[in-house]
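Novice: Residue numbers (the working numbering), protein chains in the order written: chain A, 5 to 285; chain B, 5 to 285. Every residue, glycine too, gets a C-beta built ideally from N, C-alpha and C. Please see the structure below; I have some questions.
2 protein chains.
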Amino acid sequence: MKTYLDCIPCFMNQALRAARIAQADDHQIKQILDETGALIKSISMQSTPPETGMKVYQIVREVTGVHDPYYDIKQEHLEETKAIYPELEKIVKESEDQLLTAIKIAIAGNIIDLGVNKSFDIVHDVKAILKMDFAILDYEAFKKRLSQSEDLLYIGDNVGESVFDKILIKAFNRPVKYAVRHRPIINDVTMEDAMASGLDEVAELVDSGCESPGAILSQSSPEFLELFNKADMVISKGQGNFEGLSSCQRQVFFLLKAKCPVISEHIGVEEGAIILKEHKI
Amino acid sequence: MKTYLDCIPCFMNQALRAARIAQADDHQIKQILDETGALIKSISMQSTPPETGMKVYQIVREVTGVHDPYYDIKQEHLEETKAIYPELEKIVKESEDQLLTAIKIAIAGNIIDLGVNKSFDIVHDVKAILKMDFAILDYEAFKKRLSQSEDLLYIGDNVGESVFDKILIKAFNRPVKYAVRHRPIINDVTMEDAMASGLDEVAELVDSGCESPGAILSQSSPEFLELFNKADMVISKGQGNFEGLSSCQRQVFFLLKAKCPVISEHIGVEEGAIILKEHKI
């Protein structure tokens with residue numbers, strides 16, 4: 005997905021939010037905004053939003069010296085989601101269509117605001133999401149592809165949500181490689197976070213080599229590119245990965261919530277819609 | 005009021021919105037955003053937001069060549085508000101406290117979204133606003149000062165709202181000078197707009213010399229400064245004028261709606277609150 009004009013003020017908002025999460029002082033925040041402002045001129049409208057996102061968070065890191073501003077938030081999300089994991093597994097086991105329920109739970113992780121809710125409420129929210137309809141649900145194509153695949157690549161998104169991914173990967177009952185970011189960026193899942201999520205119990209963890217908040221093939225490692233090109237089936241989780249991969253040259257199943265007006269208009273759904281979309285070549 | 009860090013992404017949003025209203029093409033919009041981004045470094049956090057606002061809208065004008073992007077919107081607002089003027093006058097005349105009702109009507113002009121509503125709905129909205137409570141209402145001080153004043157300065161805000169100001173100025177029943185912006189900036193009232201609002205029938209119109217979307221004394225004409233300093237009573241309308249004048253060295257009565265989280269936190273009221281506030285020296 006290319007960068008839209010509306011993404012540009014959003015980069016400034018993200019810079020401000022990330023600067024505050026990194027506990028920058030006012031002087032540092034102004035410097036971060038100055039540098040992000042100066043960056044705008046260099047943004048190509050043909051680039052994908054995560055490419056700029058990476059640069060914005062790089063500025064935050066450089067100005068504050070904080071390597072992983074979202075560390076505490078990520079730990080909190082891990083703790084909260086791991087606490088309810090058994091209950092979510094139970095919901096899947098007791099459901100009629102276990103795969104679809106697991107898909108919905110995986111996307112629920114992308115929806116609920118873990119920072120605000122307590123454990124009990126998360127379960128409540130997940131149950132509400134299970135009743136939601138997908139705006140796009142290419143479920144038949146997904147099931148068909150899954151049944152023919154012996155080698156799956158699952159590209160992870162946020163920490164917390166990663167615990168929910170575990171449930172879906174278990175439901176696949178097939179060999180899965182789970183790709184993570186090369187280094188901390190926003191609250192995206194890294195190797196360390198994937199281990200803490202328990203994903204190593206159900207998948208082989210692989211480093212994408214990518215440092216942007218959304219997979220970008222031109223910035224991934226050659227090893228990841230080979231996996232991406234050769235996997236029988238690729239599942240991409242979340243908005244950032246969609247932004248990075250939506251024009252790629254292979255079939256991908258995108259699982260995401262359309263979290264902003266730009267992406268929802270791009271896809272042609274309502275803002276907030278949940279989607280399981282087959283990207284065909 | 006000084007510039008807050010949260011104002012900075014807002015300047016980018018304003019640039020984008022104004023560029024679109026000026027019907028800039030995508031290439032021009034990107035240039036406007038580039039230049040606004042580059043401007044950020046030069047913003048002093050001690051300056052007031054309208055000072056930067058002025059520069060942002062200057063960029064929009066220069067890139068698009070459109071002198072008055074909001075012209076059509078202003079004409080529409082004038083037409084809509086003038087159509088309901090007689091009915092609003094009737095509401096004032098039939099009310100128990102005519103001055104307070106006229107104050108509420110004047111602030112109603114700042115609240116209702118004229119672009120969306122039709123004439124009938126505006127009257128409906130005004131009636132709803134008449135029932136609203138002010139978060140700050142320094143009405144006794146206002147009345148006392150008014151009774152002692154023979155020479156009032158009223159600093160105008162937006163077009164459309166300006167028609168509602170006429171009702172309040174009539175209720176003063178005293179000589180009033182109505183100050184306007186020196187040139188078109190957003191939808192702020194200029195000399196031409198004030199005439200079209202019929203304000204020349206109830207007040208002497210004066211050019212503030214100011215080109216920013218909020219009165220800034222350091223950028224006003226010497227003639228306006230003299231009026232401002234010598235007037236028995238100064239009434240400042242709207243958020244932009246508050247931002248520019250809230251640290252000034254004379255008594256001012258501010259009449260506004262707190263339209264964004266920054267200003268509402270600055271004043272200490274809820275977002276959306278309506279205010280008649282005496283600024284004391």
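Which runs of the beta strand (DSSP E) at least 3 residues long sit entirely within the stretch 164-244 of chain A? Give them in chain order.
Specialist: Counting only runs of 3 or more, we get 180-184, 208-211, 237-241.
Novice: Using CA coordinates, which residue listed in Val206/A, Leu249/A, Asp197/A is at the minimum distance from Pro179/A?
Specialist: Along the first sequence, one-based indexing puts residue 179/A at 175. Comparing Cα positions, the closest option is Val206/A.
Novice: Mind listing the chain A neighbours of Met58/B? Cutoff is C-beta to C-beta under 7 Å, in chain order.
Specialist: Here residue 58/B refers to the residue found at position 54 when the second sequence is read from its first residue. Going along chain A, no residue has its Cβ under 7 Å from Met58/B, so there is no contact; the nearest lies around 17 Å.
Novice: Measure the beta-carbon distance from His81/B to Gly164/B and round it to whole angstroms, keeping in mind my assumption that it falls under 8 Å.
Specialist: As a working note, residue 81/B is residue 77 in the second sequence. As a working note, residue 164/B is residue 160 in the second sequence. Right, their Cβ atoms sit about 3 Å apart.
Novice: Please look up how many angstroms separate the CB atoms of Ala200/B and Leu209/B, rounded, as I've assumed it's under 8 Å.
Specialist: Within the second sequence, residue 200/B is the residue found at index 196, counting from 1. Within the second sequence, residue 209/B is the residue found at index 205, counting from 1. Not quite, the Cβ-Cβ distance comes to about 11 Å (not below 8 Å), so this is no contact.
Novice: What residue does the alpha helix (DSSP H) around Phe146/A start on, and which one ends it?
Specialist: Reading the first sequence from its first residue, position 142 is the one you call residue 146/A. Start and end: 143-151.
Novice: When the Cα atoms are used, what is the spatial distance from Ser251/A to Met5/A?
Specialist: Taking the first sequence and counting its residues from 1, the one referred to as residue 251/A is at position 247. Taking the first sequence and counting its residues from 1, the one referred to as residue 5/A is at position 1. Rounded to whole angstroms, Ser251/A to Met5/A spans 6 Å at the Cα level.
Novice: For Thr7/A, would you say it is in contact with chain B, using Cβ-to-Cβ distances shorter than 7 Å as the test?
Specialist: To locate residue 7/A, count along the first sequence from 1; it is residue 3. False, the Cβ-Cβ gap to chain B never drops below 7 Å.
Novice: Just verifying my parser: in three-state terms, what is the DSSP assignment at Lys131/A?
Specialist: For the purposes of this step, residue 131/A is identified with residue 127 of the first sequence, where counting begins at 1. Looking at Lys131/A - three-state DSSP - the assignment turns out to be helix.
Novice: Determine the extent of the beta strand (DSSP E) in which Leu9/B is found, giving its start and end residues.
Specialist: By 1-based counting over the second sequence, the position of residue 9/B is 5. Counting along the chain, Leu9/B falls outside any beta strand (DSSP E), and DSSP gives it neither H nor E.
Novice: Taking C-beta pairs closer than 8 Å, name the residues in chain A that Lys45/B reaches, listed in chain order.
Specialist: Here the question's residue 45/B lines up with position 41 in the second sequence. Correct list: Asp38, Gly41, Ala42.
Novice: With 7 Å as the limit, tell me which residues of the stretch 20-38 of chain A have their beta carbon closer than that to any beta carbon of chain B; keep them in chain order.
Specialist: Correct list: Leu20, Asp30, Ile33, Lys34, Leu37, Asp38.
Novice: Quick one: does Ile12/A have its CB under 7 Å from some CB of chain B?
Specialist: In the first sequence, counting from the first residue as 1, residue 12/A sits at position 8. Yes, Ile12/A lies at the interface with chain B (some Cβ there is under 7 Å from its Cβ).
Novice: Could you spell out where the alpha helix (DSSP H) holding His283/A opens and where it closes?
Specialist: For this step, residue 283/A is matched to residue 279 along the first sequence. It is not in any alpha helix (DSSP H) - His283/A instead sits in the beta strand (DSSP E) that spans 278-283.
Novice: Looking at Thr105/A and Val167/A, is the spacing between their C-beta atoms short of 7 Å?
Specialist: Taking the first residue of the first sequence as position 1, residue 167/A is located at position 163. Taking the first residue of the first sequence as position 1, residue 105/A is located at position 101. Cβ atoms of Val167/A and Thr105/A: not closer than 7 Å.
Novice: Please report how far the alpha carbon of Arg254/A lies from the alpha carbon of His283/A, in whole angstroms.
Specialist: Your numbering for residue 254/A matches position 250 in the first sequence. Your numbering for residue 283/A matches position 279 in the first sequence. Each residue's alpha carbon lies about 8 Å from the other.
Novice: Can you find the residues in the same chain that come closer than 7 Å, C-beta to C-beta, to Leu37/A, ignoring five residues on each side of it along the sequence?
Specialist: Locating residue 37/A in the first sequence gives position 33, counting from the first residue. Counting only Cβ-Cβ distances below 7 Å, and skipping sequence neighbours, we find Met16, Ala19, Leu20.
Novice: Quick one: is Asn233/B buried, meaning 16 or more other Cβ sit within 10 Å of its Cβ, or exposed?
Specialist: As a position in the second sequence, residue 233/B is number 229, starting the count at 1. By the neighbour-count rule (16 or more Cβ atoms within 10 Å), Asn233/B is not buried but exposed.
Novice: Consider the Cβ of Asn191/A: report whether some Cβ of chain B lies at a distance smaller than 7 Å.
Specialist: For the purposes of this step, residue 191/A is taken as the residue at position 187 of the first sequence. Not one chain B Cβ lies under 7 Å of Asn191/A.
Novice: Check whether the Cβ atoms of Lys261/B and Ile278/B lie closer than 7 Å to each other.
Specialist: Position 257 of the second sequence, counting from 1, holds the residue named residue 261/B. Position 274 of the second sequence, counting from 1, holds the residue named residue 278/B. Yes. Within cutoff.
Novice: Would you call the CB atoms of Met58/B and Glu215/B closer than 7 Å?
Specialist: Taking the first residue of the second sequence as 1, we reach residue 58/B at position 54. Taking the first residue of the second sequence as 1, we reach residue 215/B at position 211. Cβ distance < 7 Å, so Met58/B and Glu215/B count as in contact.
Novice: Taking C-beta pairs closer than 8 Å, name the residues in chain B that Met49/A reaches, listed in chain order.
Specialist: Locating residue 49/A in the first sequence gives position 45, counting from the first residue. Ordered by position in chain B, the residues that pass the 8 Å Cβ test against Met49/A are Asp30, Lys34.
Novice: Write down the C-beta distance between Val256/B and Ile140/B rounded to the nearest angstrom, noting that I regard them as a contact closer than 8 Å.
Specialist: One-based indexing of the second sequence puts residue 256/B at position 252. One-based indexing of the second sequence puts residue 140/B at position 136. At roughly 14 Å, the Cβ-Cβ gap does not stay under 8 Å, so Val256/B and Ile140/B are not in contact.
Novice: Taking Met16/B as the query, report the chain A residues whose CB atoms sit under 7 Å from its CB, ordered along the chain.
Specialist: One-based indexing of the second sequence puts residue 16/B at position 12. Correct list: Ile12, Pro13, Met16.
Novice: For Lys263/A, report the span of its beta strand (DSSP E) as first-last.
Specialist: Position 259 of the first sequence, counting from 1, holds the residue named residue 263/A. From DSSP, Lys263/A is part of no beta strand (DSSP E); its letter is neither H nor E.
Novice: Helix, strand or coil for Ile140/A per DSSP?
Specialist: In the first sequence, counting from the first residue as 1, residue 140/A sits at position 136. The answer is strand: DSSP assigns Ile140/A an E or B state.
Novice: Please classify Glu230/A: is it buried, with 16 or more other beta-carbons within 10 angstroms of its beta-carbon, or exposed?
Specialist: Position 226 of the first sequence, counting from 1, holds the residue named residue 230/A. Classification of Glu230/A: exposed, given that the 10 Å Cβ count is below 16.
Novice: What is the DSSP secondary structure of Tyr75/A, counted as helix, strand or coil?
Specialist: The residue given as residue 75/A occupies position 71 in the first sequence. Residue state, collapsed to three classes: helix.
Novice: Would you kindly report the start and end of the unbroken beta strand (DSSP E) that includes Ile159/A?
Specialist: Within the first sequence, residue 159/A is the residue found at index 155, counting from 1. Per DSSP, Ile159/A belongs to the beta strand (DSSP E) from 156-159.
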